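In the numbering used here, the protein residues as written are 4 to 289. To start, the structure under review is shown below, and the notes come after it.
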């Protein structure tokens, strides 16, 4: 058994958690420094193409469906009738593609600050960008916080905060002040969902703080849904939902069960199961 890795491996080290994750690479396909971050794309031996931002794994061909489906469908099936959706971040466009699978959605605005991410996705992850030309889609490359501040009050049904880790450009997206601004532009009955890091590593810190921030921002209910994500730290990730005048611990189970959407992970059963948190999470979140 090999006890060390050579230069043919990409490794993301999580120093604070004392862990690391590696993928065997074939070649580097892209290396770009945008005004906001360092973007790399690799071809890997077993996970297809790999996108990396500032040294952190963002997605691979093999397992991105887990994240994108869980960022989109629980929120959309929780809302009573989502028509207008906003995605903050999400430059790889995978979440946008999932949202647009819902025929009842009339308009989706995606605001990502870094156009280079979308350009890279078009070149190296074309399946994720296949819905970019949908007439219901509007792609903007701008500051998401400024966009929210300028948006009309009570104009959005669902907000999806598809951000990177809460450092650098994405740090402000986890703050209570920003969540209050999101609450303002959501309609009554609106739902917000934020990617919320690892249940194993962050339940007593990032996830707990985000849930408290959502309540302080005025949201009536909060729910965190864990799901597997092999390429992220600990191999386990989460999405945290909050509702404005609706209970996000309930969803349209009959509609989710009857859907004929082309999905690989999300089901009504997966949604129902994700709402039941393990005891260690409940202890850390209370």
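The C-beta atom is built at its ideal place from N, Cα and C for all residues, glycine as well. Note that this is a predicted model, so its numbers are computed, not measured.
Neighbourhood of residue i by C-beta, 7 Å cutoff - its chain only, sequence neighbours within 5 removed
i, result
"residue 207", "287"
"residue 43", "31, 33, 34, 55"
"residue 68", "267, 268"
"residue 78", "161, 163, 194, 196, 244"
"residue 218", "225"
Coarse secondary structure for residue i, derived from DSSP in three states
i, result
"residue 185", "helix"
"residue 2", "Since the first residue shown for the chain is 4 and the last is 289, residue 2 is missing from the structure and cannot be characterised."
"residue 142", "strand"
"residue 134", "coil"
"residue 250", "coil"
"residue 125", "helix"
"residue 17", "strand"
"residue 147", "helix"
"residue 9", "coil"
"residue 276", "helix"
"residue 256", "helix"
Given residue i as reference, the closest of the options once Cα atoms are compared
i, options, result
"residue 228", "213, 247, 98, 276", "276"
"residue 158", "42, 247, 101", "247"
"residue 204", "23, 126, 101, 99", "23"
"residue 195", "154, 53, 101, 89", "89"
"residue 200", "268, 222, 239", "239"
"residue 114", "12, 148, 106", "148"
"residue 121", "85, 245, 56", "56"
"residue 13", "28, 34, 101", "28"
"residue 45", "126, 17, 182, 109", "126"
"residue 216", "279, 235, 182, 190", "182"
Contact set for residue i: own chain, Cβ-Cβ below 8 Å, skip 5 residues either direction
i, result
"residue 265", "104"
"residue 143", "112, 113, 114, 115, 150"
Beta-carbon contacts of residue i that lie in its chain and below 6 Å, excluding the five residues immediately before and after
i, result
"residue 271", "256, 259, 260"
"residue 82", "160, 161, 194"
"residue 73", "230, 242"
"residue 202", "229, 239, 241, 284"
Closer than 9 Å to chain B by CB, residue i
i, result
"residue 26", "Absent from the structure: chain B. Only one protein chain is present."
task = Kindly confirm or deny that the stretch 93-100 and the stretch 125-143 touch, where touching means at least three C-beta pairs closer than 8 Å.
result = yes
request  = Counting only runs of 3+ residues fully inside the stretch 56-104, write out the beta strand (DSSP E) ranges in chain order.
outcome  = Listed in chain order, the complete beta strand (DSSP E) runs (minimum 3 residues) inside the stretch 56-104 are 59-63, 87-92.
key: Ordered list of alpha helix (DSSP H) runs contained in the stretch 203-248, each at least 4 residues   = 211-219
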